[in-house]
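**Q** The structure is given below, and queries will be raised subsequently.
Number of protein chains: 2
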Amino acid sequence: MEMSHLRKVDPVKHEQKRGEILGAAIRCFIRDGFRGASTTDICTEAGISPGHLYHYFPSKVAIIEAMIDLGLARSTEKFEKILAAPDVIEALLVDIEETSLRFRPAQILNLDGLAEAARNPEFAEIIERHTRAVRRMWSDFLRQAQDRGRVDPGLDPDATANILIALIDGSRAMPIRNPKLDIKQSVEHLRTMLVRFLNPPDAQSVAIKPRIQKAGRPLKLVRKR
Amino acid sequence: MEMSHLRKVDPVKHEQKRGEILGAAIRCFIRDGFRGASTTDICTEAGISPGHLYHYFPSKVAIIEAMIDLGLARSTEKFEKILAAPDVIEALLVDIEETSLRFRPAQILNLDGLAEAARNPEFAEIIERHTRAVRRMWSDFLRQAQDRGRVDPGLDPDATANILIALIDGSRAMPIRNPKLDIKQSVEHLRTMLVRFLNPPDAQSVAIKPRIQKAGRPLKLVRKR
DNA sequence: TGATTATTAGAGCGATCTCTCTAATAAGCT
DNA sequence: AGCTTATTAGAGAGATCGCTCTAATAATCA
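These protein sequences, in sequence, are chains A and B.
Using the numbering used here, the letters of the first sequence correspond one by one to residues 93 to 317.
Using the numbering used here, the letters of the second sequence correspond one by one to residues 93 to 317.
Okay, structure coming up:
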């Protein structure tokens, strides 16, 4: 049978609409969690009908998966930028300050994702793969820094990377546990801890300056320019 | 009107049964989360009927609140023990190893609780109050350790306590992110980081011993006996 | 024992969940 | 224009949710 009067789908528009719906879904999931947000909520937020939603996503979990993919891709991109900065530790601290210590609702999804990964093996696989990638990035950086004498060569790069990742995870809980957190002071102490931890033991000792801190800031780990 | 044929409730049995139901509920919440676990699930796990459940708890949120109360009380108790140990850092590391790094399903509830606190102001209040109590315990300890010259006096006790709490939170994510985590190595690096962070800057530098580590362990923070 | 009440079981109500289905409309082709 | 298909709307099916209600049973008193 010959088909003639065809009408093609516009893939650009379709993808754009999909992105809008995904954005609306993310807002709902931030507000109410994976289980708390209903497909009806998502449709209302996106301004579409229930039936229409399923032209873009086959199921609710497909939406969640798409969101996780997007979030992890952004996370990887972020770490790439941090590790490409001239001063990696400072770049990391800036990121922690802006996205973790200052309460950003989107950070809740990381907690949800970890909790879900602890229950759902499929989610766990995704989280583990992403963690492997990020750990690899950090341990590569640490190895280079060790070669240049900037980081204690006695530290295992993988184990150290795991601890840095744990620190980032933990910092996300800080503004939830303490809404009146002193952000500058927290960053200052995090910097002290990181520098003292990573610096070679024979390097000059790093003092924190609790009062005045214009000159004599802690040692920085500077990348080759 | 005179009552004669009274039958009194046995408060001991009642409380015991309540505890059993709460235990069953906790198992369900660990398995499926606050929202994922239904009252029917809890009844099945506890071996009771739906109607019976509401003789012990007025609602599902009441069960969750009772669980949170229990969990936070245990947590406070745990920190009291850690802070009363002869070597606080070692006691903390033992606890982190046993309850966080070795995957304990119950730890998921901490993630759920933090996520819920970020959304629900009532939960947030509970978490914040508990955090204040724990932070107070740690900062008191840190102040004493500073007075005895064991901890860098330049560190702010409250800010340092917040970071220690964040580290505990972050360590809970480690076995989820990496199921094949090298626990001993992780503990060793955590120890190194903590000791280097807390030690006074003029103390002898602390080297990590990645190969052999029988003698020459890192400095310990020893409590007055 | 008989009166009284605590305890238990389980049916099921109203609300809400995810997802499907039909039908009306908009848009691209010749 | 006229045909075909993509897009949209919305009702509602089927399952499950938290929770209530009635009634049967067990336990404790005089």
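By construction, the Cβ of each residue, glycine as well, lies at the ideal position given by its N, Cα and C atoms.
Please name the residues in the segment 185-210 of chain A whose beta-carbon is closer than 7 angstroms to at least one beta-carbon of chain B, in chain order.
**A** If the cut-off is 7 angstroms between Cβ atoms, the segment 185-210 of chain A has Ile200, Leu203, Asp204, Leu206, Ala207, Ala209, Ala210 near chain B.
**Q** For Thr339 (chain A), is the classification buried or exposed, using 16 other Cβ atoms within 10 angstroms of its Cβ as the cut-off for buried?
**A** Within the shown structure, residues of chain A are numbered from 93 to 317, placing residue 339 (chain A) beyond reach of any answer.
**Q** Decide yes or no for the touch test of the segment 204-218 of chain A against the segment 195-215 of chain B: beta carbon pairs closer than 8 angstroms, at least 3 of them.
**A** The answer is yes - the segment 195-215 of chain B touches the segment 204-218 of chain A, with three or more Cβ pairs under 8 angstroms.
**Q** In the DSSP assignment, find the alpha helix (DSSP H) that holds Ser231 (chain B) and state where it starts and stops.
**A** The residue labelled residue 231 (chain B) in the question sits at position 139 within the second sequence. Note, Ser231 (chain B): alpha helix (DSSP H), 213-239.
**Q** Under the three-state reduction of DSSP, which class applies to Asp294 (chain B): helix, strand or coil?
**A** Counted from its first residue, the second sequence places residue 294 (chain B) at position 202. Note: Asp294 (chain B) maps to coil in three-state DSSP.
**Q** Count the other C-beta atoms from every protein chain shown that fall within 10 angstroms of the C-beta of Glu280 (chain A), then say buried if there are 16 or more, exposed otherwise.
**A** Within the first sequence, the letter at position 188 stands for residue 280 (chain A). That one is buried.
**Q** Beta carbon of Arg127 (chain A), beta carbon of Glu220 (chain B): below 8 angstroms?
**A** By 1-based counting over the first sequence, the position of residue 127 (chain A) is 35. By 1-based counting over the second sequence, the position of residue 220 (chain B) is 128. No, Cβ-Cβ distance for Arg127 (chain A) and Glu220 (chain B) is not below 8 angstroms.
**Q** Would you kindly check if the distance between the Cβ of Phe233 (chain A) and the Cβ of Leu164 (chain A) is under 8 angstroms?
**A** On the first sequence, residue 164 (chain A) is found 72 positions in, with the first residue counted as 1. On the first sequence, residue 233 (chain A) is found 141 positions in, with the first residue counted as 1. In this structure, Phe233 (chain A) does not lie closer than 8 angstroms to Leu164 (chain A) by Cβ.
**Q** State the DSSP-derived secondary structure class of Gly246 (chain B), mapped to helix, strand or coil.
**A** Residue numbering aside, residue 246 (chain B) sits at position 154 when the second sequence is read from its first letter. Of the three classes helix, strand and coil, the one that applies to Gly246 (chain B) here is coil, per DSSP.
**Q** Using a C-beta to C-beta distance shorter than 7 angstroms, which residues of chain A count as neighbours of Asp161 (chain B)?
**A** Numbered from 1 along the second sequence, position 69 holds the residue referred to as residue 161 (chain B). Result: empty, since nearest Cβ-Cβ is about 17 angstroms, beyond 7 angstroms.
**Q** Using the three-state DSSP reduction, which class does Lys272 (chain A) fall into: helix, strand or coil?
**A** In the first sequence, the residue the question calls residue 272 (chain A) occupies position 180. Coil, per DSSP.
**Q** Which same chain residues end up closer than 6 angstroms to Ile113 (chain A) when comparing Cβ atoms and leaving out the 5 residues on each side of it in sequence?
**A** Taking the first sequence and counting its residues from 1, one reaches residue 113 (chain A) at position 21. Around Ile113 (chain A): Ala138, Tyr148.
**Q** Using only alpha-carbon positions, find the residue among B:Ile275, B:Ala265, B:Asp248, B:Leu282 that is nearest to Arg227 (chain B).
**A** On the second sequence, residue 227 (chain B) is found 135 positions in, with the first residue counted as 1. Per the Cα distances, B:Asp248.
**Q** What are the residues in the segment 124-147 of chain A lying within 9 angstroms of chain B by C-beta distance?
**A** Answer set for the segment 124-147 of chain A: Asp124, Gly125, Phe126, Arg127, Gly128.
**Q** Can you list the residues of chain A that Thr168 (chain B) reaches, using a CB-CB cut of under 9 angstroms?
**A** For the purposes of this step, residue 168 (chain B) is taken as the residue at position 76 of the second sequence. Chain A residues near Thr168 (chain B): none, gap ~14 angstroms exceeds 9 angstroms.
**Q** Look at the alpha carbon of Ala225 (chain B) and the alpha carbon of Thr168 (chain B), and state the distance between them as a whole number of angstroms.
**A** Sequence index remark: in the second sequence, residue 225 (chain B) carries index 133 (1-based). Sequence index remark: in the second sequence, residue 168 (chain B) carries index 76 (1-based). Each residue's Cα considered, the two are about 8 angstroms apart.
**Q** Quick one: Cα of Asp124 (chain A) to Cα of Arg288 (chain B), how far?
**A** As a working mapping, residue 124 (chain A) is identified with position 32 in the first sequence. As a working mapping, residue 288 (chain B) is identified with position 196 in the second sequence. So the alpha carbons of these two residues sit roughly 41 angstroms apart.
**Q** At a CB-CB cut-off below 7 angstroms, which residues of chain A make contact with Ala265 (chain B)?
**A** Position 173 of the second sequence, counted from the first residue, corresponds to residue 265 (chain B). Those are Leu206, Ala258, Asp261, listed as they occur along chain A.
**Q** Compare the C-alpha of Ile155 (chain A) against each of A:Ser130, A:Ser141, A:Phe171 and name the closest.
**A** Along the first sequence, one-based indexing puts residue 155 (chain A) at 63. Nearest option by C-alpha distance: A:Ser130.
**Q** Return the chain-ordered ranges of every alpha helix (DSSP H) run that is complete within the segment 120-148 of chain B and spans a minimum of 4 residues.
**A** Runs found: 131-138, 142-145.
**Q** Give the secondary structure of Arg166 (chain A) by DSSP, where H, G and I count as helix, E and B as strand, and everything else as coil.
**A** Within the first sequence, the letter at position 74 stands for residue 166 (chain A). Note: Arg166 (chain A) maps to helix in three-state DSSP.
**Q** What whole-angstrom Cβ distance do Leu193 (chain A) and Ser278 (chain A) have, given they're in contact under 8 angstroms?
**A** Residue mapping note: residue 193 (chain A) aligns to position 101 of the first sequence, counting from 1. Residue mapping note: residue 278 (chain A) aligns to position 186 of the first sequence, counting from 1. Contact flag correct, Cβ pair sits at about 6 angstroms.
**Q** Beta-carbon of Asn212 (chain A) versus every beta-carbon of chain B: anything under 8 angstroms?
**A** Residue 212 (chain A) sits at position 120 when you count from the first residue of the first sequence. No, no contact with chain B.
**Q** Cα-Cα, which of A:Leu273, A:Lys272, A:Asn254 is closest to Met285 (chain B)?
**A** Looking up residue 285 (chain B) in the second sequence gives position 193. When only C-alpha atoms are compared, the closest one is A:Asn254.
**Q** Keeping to the same chain, check which residues put their C-beta closer than 8 angstroms to that of Val153 (chain B); ignore five residues upstream and five downstream.
**A** As a working mapping, residue 153 (chain B) is identified with position 61 in the second sequence. Same-chain partners within the cutoff: there are none.
**Q** Under the rule that 16 or more other beta-carbon atoms within 10 Å means buried, what is His222 (chain A), buried or exposed?
**A** Counting from one through the first sequence, the residue named residue 222 (chain A) turns up at place 130. Counting Cβ neighbours within 10 Å, His222 (chain A) comes out buried, since at least 16 surround it.
**Q** Thinking just about the alpha-carbon of each residue, which of B:Arg110, B:Leu145, B:Thr191 is nearest to the one in Arg264 (chain B)?
**A** Here residue 264 (chain B) corresponds to residue number 172 of the second sequence, with the count starting at 1. Ranking B:Arg110, B:Leu145, B:Thr191 by Cα distance to Arg264 (chain B) puts B:Thr191 first.
**Q** Assign Arg264 (chain A) to one of three DSSP states: helix, strand, or coil.
**A** Residue mapping note: residue 264 (chain A) aligns to position 172 of the first sequence, counting from 1. If DSSP states are grouped into helix, strand and coil, Arg264 (chain A) belongs with the helices.
**Q** What separation, rounded to the nearest whole angstrom, lies between the Cα atoms of Gly143 (chain B) and Arg110 (chain B)?
**A** Position 51 of the second sequence, counted from the first residue, corresponds to residue 143 (chain B). Position 18 of the second sequence, counted from the first residue, corresponds to residue 110 (chain B). C-alpha separation (whole angstroms): 14 angstroms.
**Q** Going by CA-CA distance only, name the one from B:Asp161, B:Lys173, B:Leu290 that's closest to Asp118 (chain B).
**A** Mapped onto the second sequence, residue 118 (chain B) falls at position 26. Per the sequence shown, the amino acid found at residue 118 (chain B) is Ile instead of Asp. For the residues B:Asp161, B:Lys173, B:Leu290, the minimum Cα distance to Ile118 (chain B) belongs to B:Asp161.
**Q** To the nearest whole angstrom, what separates the beta carbons of Asp261 (chain B) and Ser231 (chain B), a pair I think is in contact under 8 angstroms?
**A** Locating residue 261 (chain B) in the second sequence gives position 169, counting from the first residue. Locating residue 231 (chain B) in the second sequence gives position 139, counting from the first residue. The pair is not a contact, with the Cβ atoms about 17 angstroms apart (cut-off 8 angstroms).
**Q** Rounded to the nearest angstrom, what separates Asp274 (chain B) and Gly115 (chain B) at their Cα positions?
**A** Within the second sequence, residue 274 (chain B) is the residue found at index 182, counting from 1. Within the second sequence, residue 115 (chain B) is the residue found at index 23, counting from 1. Approximately 31 angstroms between the Cα atoms of the pair.
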